[in-house]
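Residue numbers (the UniProt record's numbering): 1 to 531.
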């Protein structure tokens, strides 16, 4: 008993030690079970094991066929013997008529007479069953006979290949992605602004790019994906305050610029349509999916405003001071990040740091549906509009102060209190780690590529790191090119015509364009002022 216990403890300890070693070697991207499955697949793919597996499949099929034939032959022999014995007894009964009785005064039958009567009753029952089946059979619709099928020769089916086929497809996809990322080049370096570029964003149709700076201007660039060309289209002047955020509408026809205590609504041609003043500082703004309203994140409250600035609704997050918020694609929930500034009893932490939280808020029920405490300083959240995990799954990218970005899954489950309703839950999928150690990230992470298949994030060393969104595999490290200034923002062109184009904004006011082929041409813009 002691030996068995010791062996079990040794096995568990070895498993945990192996898990720790795999975690350290692959930086949390793979587990021990993943490595074991890969090794098993590789082993089964080897020629020797493949031939042995095919031979065993053929042998087992032949043995099953022989066993089936033997069983059918045995059943046939037994049935014939039984029918012959019954038929012989039946002839004896028909020849002798009624069984002979020794005398009227005898009360007991002989053993032979008892056996004869039992056989006669059995024959009568069999005839009745045969007659009933003959009568019922014409009225029964013939069904499909269930037979054992193999679909193909088992020797031609390689289970190892069936298992490894998705693995090969995934490797092919990643290899193609690496080759495409490998040919990305710096194709444009523009002296666009006089101060740091605070924000940049491509329009949803990929035709325009806007960059906003602390020099009091925003530039609308027109893109030419077929030539990998950027040309200045409009310059928006903000003489009273700088722009902290720019957001294109879902249909790419309108534009929001966020200021300290105001939001301005612009057309894509640079005409200021409306200035909406607010009473408190605005943290972030976000369009609703229908493009008819937007959200304004102010302290611990999110306001729903229409395009004229009218408050349609408000959503209170209690004691949590919000940093950023994003709307789900169906417009029913808000995924927000922030810090818990005080307790419900108005107590403030004196020595311990404030608690950071990820919050899912239901705008229909006006209540916090789910929240998770986070150790790191969480700053930004973005929800993918293209990548889906089934009908009820969404992906959110969470960014921190200096830590690597993380991918979270938002999914719905049935509400235990109301069977007809659903609630949202979240789960961590990936933490995107760089190959180098000691990397400190600067700014938020971004989705990129076709169907948001990539994740990008810049480091304080001005390098750009790229991962595969689905697997979390590190794809490419893009070193700083041409400038010594820090990167402040980044945006990927979502247009399907050219899915590999992105732009960056620097601390010195420069805008850089990365694409597949070099071109350096800039047109002089026309200047537009606030309306």
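For every residue, glycine included, the Cβ atom is placed at its ideal position computed from N, Cα and C.
Source: prediction; values computed, not measured.
Contacting residues, own chain, Cβ-Cβ under 8 Å from residue i (five flanking each side not counted)
| i | result |
| --- | --- |
| residue 252 | 203, 204, 205, 207, 208 and 268 |
| residue 317 | 300, 301, 302, 336, 338, 359, 361 and 368 |
| residue 573 | Any answer about residue 573 is impossible in this case: the structure gives the chain only from 1 up to 531. |
| residue 506 | 196, 197, 483, 485, 486, 487, 488 and 512 |
| residue 179 | none |
| residue 415 | 421, 422 and 423 |
| residue 306 | 292, 293 and 312 |
| residue 280 | 261, 298 and 299 |
| residue 458 | 441, 442, 443, 464, 465, 487, 490 and 504 |
Of the residues the options, the one placed nearest residue i, counting alpha carbons only
| i | options | result |
| --- | --- | --- |
| residue 338 | 201, 323 and 439 | 323 |
| residue 462 | 486, 470, 445 and 471 | 486 |
| residue 240 | 214, 181, 310 and 451 | 214 |
| residue 245 | 258, 236 and 408 | 258 |
| residue 277 | 247, 249, 308 and 300 | 308 |
| residue 408 | 424, 420, 317 and 417 | 424 |
| residue 37 | 351, 167, 330 and 516 | 167 |
| residue 432 | 362, 475 and 178 | 475 |
| residue 275 | 283, 266 and 281 | 266 |
| residue 321 | 12, 297, 349 and 458 | 297 |
| residue 451 | 418, 428 and 493 | 493 |
| residue 508 | 516, 515, 499 and 484 | 484 |
| residue 330 | 412, 68, 65 and 197 | 412 |
| residue 272 | 281, 284, 458 and 237 | 237 |
| residue 282 | 312, 289, 270 and 242 | 242 |
| residue 366 | 376, 57, 435 and 314 | 314 |
| residue 441 | 380, 47, 40 and 13 | 380 |
| residue 232 | 174, 270 and 349 | 270 |
| residue 470 | 454, 176 and 477 | 454 |
| residue 460 | 401, 41 and 448 | 401 |
| residue 371 | 417, 328, 418 and 427 | 427 |
| residue 173 | 448, 42 and 468 | 468 |
| residue 289 | 383, 376, 348 and 222 | 383 |
Own chain, CB closer than 7 Å to residue i, minus 5 neighbours either side, in chain order
| i | result |
| --- | --- |
| residue 495 | 205, 206 and 225 |
| residue 83 | In this predicted model, residue 83 has a pLDDT of only 48, less than 50, meaning its place in the structure is not dependable; the value taken from the coordinates is given anyway. Excluding sequence neighbours, residue 83 sits near nothing in its chain. |
| residue 354 | 339, 340 and 341 |
| residue 1 | none |
| residue 346 | none |
| residue 8 | none |
| residue 385 | 329 |
Assumed close pair residue i, residue j - CB separation to whole angstroms, cut-off 8 Å
| i | j | result |
| --- | --- | --- |
| residue 501 | residue 456 | Not a contact, Cβ separation roughly 12 Å. |
| residue 396 | residue 326 | 7 Å |
| residue 534 | residue 364 | With the chain represented from 1 up to 531, any question about residue 534 goes unanswered, as that position is not in the structure. |
| residue 510 | residue 190 | 7 Å |
| residue 410 | residue 438 | Not a contact, Cβ separation roughly 32 Å. |
| residue 444 | residue 404 | Actually they do not touch by this definition, with Cβ atoms about 12 Å apart. |
Cβ neighbours of residue i in the same chain (closer than 6 Å, five flanking residues each side left out)
| i | result |
| --- | --- |
| residue 356 | 339, 374 and 378 |
| residue 97 | Annotation note: pLDDT 41 at residue 97 (below 50); position unreliable, coordinate value reported separately. Excluding sequence neighbours, residue 97 sits near nothing in its chain. |
| residue 249 | 287 and 291 |
| residue 513 | 187, 188, 230 and 503 |
| residue 11 | none |
| residue 6 | none |
Three CB pairs or more closer than 8 Å across the stretch 234 to 254 and the stretch 189 to 203: The stretch 234 to 254, when compared against the stretch 189 to 203, does touch it at the 8 Å Cβ threshold.
Runs of alpha helix (DSSP H) wholly within the stretch 266 to 297 (minimum 4 residues, chain order): Runs of the alpha helix (DSSP H) inside the stretch 266 to 297: none found.
Using a Cβ distance threshold of 8 Å, determine whether the stretch 9 to 23 contacts the stretch 32 to 40, with at least three qualifying pairs required. The stretch 9 to 23 vs the stretch 32 to 40: in contact.
Pick out the complete beta strand (DSSP E) segments inside the stretch 369 to 431, 3 residues or longer, and give them in chain order. Within the stretch 369 to 431, the complete beta strand (DSSP E) runs of at least 3 residues are 378 to 388, 393 to 400, 406 to 414 and 422 to 431.
Ignoring anything shorter than 3 residues or poking outside the stretch 333 to 369, list the beta strand (DSSP E) runs there in chain order. Counting only runs that start and end inside the stretch 333 to 369, the beta strand (DSSP E) elements of at least 3 residues fall at 333 to 340 and 355 to 362.
Run through the stretch 467 to 508 for me and flag every whole beta strand (DSSP E) of 3 or more residues, listed as ranges in chain order. Runs of the beta strand (DSSP E) inside the stretch 467 to 508: 474 to 478, 487 to 492 and 502 to 506.
Ranges of the beta strand (DSSP E) found wholly within the stretch 244 to 269, counting only runs of at least 3: Complete beta strand (DSSP E) runs here, min 3: 245 to 248, 254 to 258 and 262 to 267.
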